[in-house]
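Undergrad: Just dropping this structure here.
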Amino acid sequence: MMNRRSLFVKAAAAGAALTLAGTSAAIAGGAKKKGTFEGLSNHITTGSAKLVKNGDRYIVELGEDFSLDGGPDPRVAFGKDGEYAPDSKLGALLNLTGKQSYAVPPTMDISGYNEVYIWCEVAGVPLGVAALK
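Per my numbering, residue 251 is the first one in the sequence shown, and the count goes up by one each step.
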């Protein structure tokens, strides 16, 4: 019998699998921009972020060295010049540590962004930011 929790867990696992499936192909396309996280709002956020191109798609990849000390409801999103862009959310952070990938919707114009944010949706504060160069 499937309850809400098991349905959510299965859906999250399927989404993670689909997100990660494109990673190896995306890496073959090469990194467009990369940066290193800096913790914000009294949080420790470290590690690398890359914006990778795969054909006409982009993927944000957090590196093996990525780490966040915690926080309620962390999200991955873009920003520009120190300002978080609320309409650029890529999804909930899958894990507090390690390599993970987030597909950028094909309709999103990434040219207006130069940062990757880890954002706390509950408190409305940044947990970390990586400037992309």
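By construction, the Cβ of each residue, glycine as well, lies at the ideal position given by its N, Cα and C atoms.
What does the alpha-carbon distance come out to for the pair Asp-315 and Val-326?
TA: The sequence position of residue 315 within the sequence shown is 65, counting from 1. The sequence position of residue 326 within the sequence shown is 76, counting from 1. Distance between the alpha carbons of Asp-315 and Val-326: 16 Å.
Undergrad: Rounded to a whole number of angstroms, what is the C-alpha to C-alpha distance between Ser-256 and Asn-292?
TA: Within the sequence shown, residue 256 is the residue found at index 6, counting from 1. Within the sequence shown, residue 292 is the residue found at index 42, counting from 1. For Ser-256, the predicted model reports a pLDDT of 44, less than 50, meaning its position is unreliable; a value from the coordinates is still stated below. Between Ser-256 and Asn-292, the C-alpha separation is close to 34 Å.
Undergrad: Compute the Euclidean distance between the alpha carbons of Asp-323 and Ser-338, then round it to the nearest angstrom.
TA: Position 73 of the sequence shown, counted from the first residue, corresponds to residue 323. Position 88 of the sequence shown, counted from the first residue, corresponds to residue 338. Distance between the alpha carbons of Asp-323 and Ser-338 is about 16 Å.
Undergrad: Shortest alpha-carbon distance to Gly-313 belongs to which of Gly-374, Lys-330, Gly-320, Tyr-352?
TA: Counting from one through the sequence shown, the residue named residue 313 turns up at place 63. Of the candidates Gly-374, Lys-330, Gly-320, Tyr-352, the one whose C-alpha sits nearest the C-alpha of Gly-313 is Tyr-352.
Undergrad: Going straight from the alpha carbon of Leu-377 to that of Thr-295, what length do you get?
TA: Indexing the sequence shown from 1 puts residue 377 at position 127. Indexing the sequence shown from 1 puts residue 295 at position 45. Annotation: Leu-377 to Thr-295 spans about 7 Å, alpha carbon to alpha carbon.
Undergrad: With DSSP as the reference, please indicate the residues paired to Thr-295 in a beta bridge.
TA: Position 45 of the sequence shown holds residue 295. Looking at the DSSP assignment, Thr-295 forms a beta bridge with Leu-318.
Undergrad: Looking only at C-alpha atoms, which of Gly-374, Asp-319, Val-302, Cys-370 sits nearest to Glu-311?
TA: Numbered from its first residue, the sequence shown carries residue 311 at position 61. Selected option, being the one with the closest Cα: Val-302.
Undergrad: Indicate the three-state DSSP secondary structure (helix, strand or coil) for Gly-362 in the structure shown.
TA: As a working mapping, residue 362 is identified with position 112 in the sequence shown. Helix at Gly-362.
Undergrad: Determine the DSSP secondary structure at Pro-336, reduced to helix, strand or coil.
TA: Working through the sequence shown from its first residue, we reach residue 336 at position 86. Helix.
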